[in-house]
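**Q**
Residue numbers (this note's numbering): 27 to 689.
(1) Determine the direct distance from the alpha carbon of residue 520 to that of residue 445, and round the result to whole angstroms.
(2) Report the rounded CA-to-CA distance for residue 383 versus residue 359, giving the unit in angstroms.
(3) Taking C-beta to C-beta, are residue 436 and residue 334 nearer than 8 Å?
(4) Taking the CB atoms as reference points, tell me whether residue 528 and residue 109 lie closer together than 8 Å.
(5) Look up residue 86 in the DSSP assignment and give the residues it is bridged to.
(6) To the nearest angstrom, report how far apart residue 197 and residue 630 are at their CA atoms.
(7) I need the DSSP call for residue 231, collapsed to helix, strand or coil.
(8) Can you check the segment 114 to 169 for any alpha helix (DSSP H) of at least 4 residues that lies completely inside it and give the ranges in chain order?
(9) To the nearest angstrom, how far is the alpha carbon of residue 424 from that of residue 430?
(10) Do you know offhand how far residue 42's Cα is from residue 138's?
(11) If contacts are defined as beta-carbon pairs under 8 Å, then residue 289 and residue 168 qualify, I think. What distance do you get, rounded to the angstrom?
(12) What span of residues does the alpha helix (DSSP H) with residue 520 cover, start to end?
(13) In three-state terms, what does DSSP make of residue 334?
(14) Whole angstroms are fine: how far does the CA of residue 313 sit from the CA of residue 452?
(15) Identify which residue in 428, 636, 255 and 354 has its Cα closest to the Cα of residue 538.
(16) Would you mind reading off the limits of the alpha helix (DSSP H) that contains residue 565?
(17) Just how far apart, CA to CA, sit residue 67 and residue 466?
(18) One question on the structure: do residue 404 and residue 491 come within less than 8 Å of each other, judged by their Cβ atoms?
(19) Cβ atoms of residue 406 and residue 277: under 8 Å apart, would you say?
(20) Buried or exposed: where does residue 415 fall if 16 or more other Cβ atoms within 10 Å of its Cβ makes it buried?
(21) Among the residues of its own chain, which have a CB less than 8 Å from the CB of residue 70, if the five just before and after it don't count?
(22) Give me, in chain order, the residues of the same chain whose beta-carbon lies closer than 6 Å to that of residue 44; leave out the 5 immediate sequence neighbours on both sides.
(23) Residue 774 lies in the alpha helix (DSSP H); which residues open and close that run?
(24) Rounded to whole angstroms, what is the Cα-Cα separation between residue 438 and residue 500?
(25) Specify the secondary structure class of residue 489 as computed by DSSP and reduced to three states.
(26) Could you check the C-alpha separation between residue 612 and residue 605 for me, to the nearest Å?
(27) Alpha carbon to alpha carbon, how far is residue 598 from residue 264?
(28) Just the C-alpha distance for residue 379 and residue 325, rounded to the nearest angstrom, thanks.
(29) Would you call the segment 366 to 380 and the segment 243 to 263 touching, i.e. three or more CB-CB distances under 8 Å?
(30) Give me the residue from 98, 227, 582 and 624 with the minimum Cα distance to residue 330.
(31) Does residue 448 come out as helix, strand or coil in the three-state DSSP assignment?
(32) Residues in the same chain with beta-carbon distance under 8 Å from residue 723, minus the five sequence neighbours each way, listed in chain order, please.
(33) Evaluate the contact criterion for the segment 153 to 168 versus the segment 94 to 101: three or more CB pairs, one atom per stretch, below 8 Å.
Here you go:
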């Protein structure tokens, strides 16, 4: 029963804070309630730490459908889920502590913390789910919470539109996700993940059959790709990544939670958790790797030219999520471990980066454009704690040697490029993913240091930057805490037997690939060196990236035209189709219905005249009816006699036909 406390404590806190928000009483108590709840979930998970190969498991049978299809609510805590629970709880707690300072004085204070706690509860419910039904329910709850938090400032049109965009765009992926779940549950006769996995492997071994319209070979790649559609939406992969940058319209702590440990992490976690289903198809793994490579490269190029500090980090998140998918696309134990390794380290340094961005925006909130990097500069002297902790996050993101991102990126590159890489996708696809990873490492190092130098280095480029001051302790405290794992967590996991802990003692541990690590280090340092040479000067008159070749700059600035495609082609096409359907409905369907109604009405109106109340008229009508029936009967009898007579004549004229007829 104690395992149920992991998602239920934040859920209960969300309900309590919701009541406080409705009654407008004791709203200041809301953060204390939600923070204690998430700490309680963290303590519960730590107390239930998986032992040697066994995980705590709790099942409640919710519904039974004859003949034997059970839907259960279950909590399962293997190592991969336990790790994710720790990441979600720690990041959520720090974000909520930070929010006490950032959101102070805001209308809807208790409502904000109720949403955060519900968000945390939904993500924890998804993480500990042991069946596809419960996973899907929590999956959709995560989407609803993101809608509520992105649109928290609902009175701002930009925030309201961003919330709707996030909710609608992710629905495209979730439609495929739902179809994949239904396919798998129909095959296994259950939503239980273990039973579904066993059924898929039996199908791959030829021990099961599927519906006649779908061959086993088709099923094995179709089902996981449909599941991956959900990850494409939730984890902002190409081409459904367009919602995530707009989600920056919500409060910055919300952005930190979404980007680090909740919504976007859900897709990566789902693929890793259901990796046994993906392993049965090289096609599915190839799709995961290729989509991840496209996403990582495309988002990194866009981040190069962004001037909004939160937009830089948003596209950075999209790029790093693509990195994780590259690792998962390698398949098997090595790919799963590499993807989850980077997900874990990324959660901490990306939360750190977003919260430092929030600290800067909080200091410049009186400025007309507090997010604009071009109006910052010189903040290192005025906000030293924010500056130094942000630099740690930047170096971790860039893959600077020995920081956390350095180890997790190396794990991904070693998986897809190293000689000890497992055979997931074919070698050509793996090489494409690996080469893309190195290119993205260079771009990441460049744009990460560019962002830091524009914000903190040199001289102030606006009066508000010149008079900025450090954030209060309730805000910079979480920055210091997050900086610690951003430095040491990668090495601790690398040398602490992460793969065996995550996947069991049978999983093979792969040490660092020194050659590939050296190449990645040189590339990252080259990217940082280029950024320093362009942005390390005390004064900056113009942004150096604007001097890159115009076609490239325009392509990156226009977001590769993907947003325009969705707006001008996909959305416009959908609206045009909708107008056509509406026209058909009004002019054909409605016209047909109106015609039937008109004819029926006229017939009824004419028939009504026959009911005039005159007995002699009714008698005449009845007599006419009887006569008509008599005439029809006589006609029918004569027709029947004529048919019988014709048949007899035909038989007498053709005796052979009669014999054949009689058999």
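Ideal placement from N, C-alpha and C gives every residue a C-beta, glycine not left out.
**A** In brief:
(1) Start at 1 with the first residue of the chain shown, and residue 445 comes out as number 419. Start at 1 with the first residue of the chain shown, and residue 520 comes out as number 494. Confidence is the limiting factor: at residue 445 the pLDDT is only 46, short of 50, which leaves the residue's position unreliable, though a coordinate-based value still follows. For residue 445 and residue 520, the distance between alpha carbons rounds to 18 Å.
(2) Locating residue 383 in the chain shown gives position 357, where the first residue counts as 1. Locating residue 359 in the chain shown gives position 333, where the first residue counts as 1. Residue 383 and residue 359: Cα-Cα distance of roughly 36 Å.
(3) Looking up residue 436 in the chain shown gives position 410. Looking up residue 334 in the chain shown gives position 308. It is not a contact, given that the beta carbons lie outside the stated cut-off.
(4) Against the chain shown, residue 528 aligns to sequence position 502. Against the chain shown, residue 109 aligns to sequence position 83. Contact: yes.
(5) Sequence index remark: in the chain shown, residue 86 carries index 60 (1-based). Answer is 99, bridged to residue 86.
(6) As a first step, residue 197 is located in the chain shown; it is residue number 171 there, counting from the start. As a first step, residue 630 is located in the chain shown; it is residue number 604 there, counting from the start. Straight-line Cα distance between these residues: approximately 49 Å.
(7) Locating residue 231 in the chain shown gives position 205, counting from the first residue. Correct three-state label for residue 231: coil.
(8) 135 to 154
(9) In the chain shown, the residue the question calls residue 424 occupies position 398. In the chain shown, the residue the question calls residue 430 occupies position 404. Roughly 10 Å between the two C-alpha positions.
(10) Here residue 42 refers to the residue found at position 16 of the chain shown. Here residue 138 refers to the residue found at position 112 of the chain shown. Each residue's alpha carbon lies about 12 Å from the other.
(11) The residue given as residue 289 occupies position 263 in the chain shown. The residue given as residue 168 occupies position 142 in the chain shown. That pair is a contact at about 5 Å.
(12) By one-based count along the chain shown, residue 520 stands at place 494. Looking at the DSSP string, the run of the alpha helix (DSSP H) that includes residue 520 is 499 to 520.
(13) What you label residue 334 is simply residue 308 of the chain shown in a count that begins at 1. Here residue 334 sits in strand by DSSP.
(14) Looking up residue 452 in the chain shown gives position 426. Looking up residue 313 in the chain shown gives position 287. C-alpha separation (whole angstroms): 11 Å.
(15) Locating residue 538 in the chain shown gives position 512, counting from the first residue. Of the listed residues, the one whose Cα sits closest to residue 538 is 428.
(16) As a first step, residue 565 is located in the chain shown; it is residue number 539 there, counting from the start. Looking at the DSSP string, residue 565 is not in any alpha helix (DSSP H), and its letter there is neither H nor E.
(17) Walking along the chain shown from the start, residue 67 turns up at place 41. Walking along the chain shown from the start, residue 466 turns up at place 440. Using only the alpha carbons, I get a separation of about 36 Å.
(18) Taking the first residue of the chain shown as 1, we reach residue 404 at position 378. Taking the first residue of the chain shown as 1, we reach residue 491 at position 465. It is a contact, given that the beta carbons lie within the stated cut-off.
(19) If you number the chain shown from 1, residue 277 lands on position 251. If you number the chain shown from 1, residue 406 lands on position 380. Their beta carbons are not under 8 Å apart, which means residue 277 does not touch residue 406 by this criterion.
(20) Position 389 of the chain shown holds residue 415. Buried, since its Cβ has 16 or more Cβ neighbours within 10 Å.
(21) In the chain shown, residue 70 corresponds to position 44, counting from 1. Around residue 70: 28, 29, 31, 32 and 35.
(22) Residue numbering aside, residue 44 sits at position 18 when the chain shown is read from its first letter. Answer for residue 44: 140, listed in chain order.
(23) Outside the modelled stretch of the chain, which goes from 27 to 689, sits residue 774, for which no answer is possible.
(24) Here residue 438 refers to the residue found at position 412 of the chain shown. Here residue 500 refers to the residue found at position 474 of the chain shown. Distance between the alpha carbons of residue 438 and residue 500 is about 35 Å.
(25) The sequence position of residue 489 within the chain shown is 463, counting from 1. Correct three-state label for residue 489: helix.
(26) By 1-based counting over the chain shown, the position of residue 612 is 586. By 1-based counting over the chain shown, the position of residue 605 is 579. Going by the C-alpha atoms only, they are around 10 Å apart.
(27) For the purposes of this step, residue 598 is taken as the residue at position 572 of the chain shown. For the purposes of this step, residue 264 is taken as the residue at position 238 of the chain shown. Taking the straight line from one Cα to the other gives about 20 Å.
(28) Position 353 of the chain shown holds residue 379. Position 299 of the chain shown holds residue 325. Their Cα atoms are separated by approximately 17 Å.
(29) no
(30) Residue numbering aside, residue 330 sits at position 304 when the chain shown is read from its first letter. Among 98, 227, 582 and 624, the Cα nearest to that of residue 330 is on 582.
(31) Taking the chain shown and counting its residues from 1, one reaches residue 448 at position 422. Low per-residue confidence applies at residue 448: pLDDT is 45, beneath 50, and the placement is therefore not dependable, though the value from the model is reported in the following sentence. Of the three classes helix, strand and coil, the one that applies to residue 448 here is coil, per DSSP.
(32) Nothing can be reported for residue 723: it is not among the residues displayed for the chain, which extend from 27 to 689.
(33) yes
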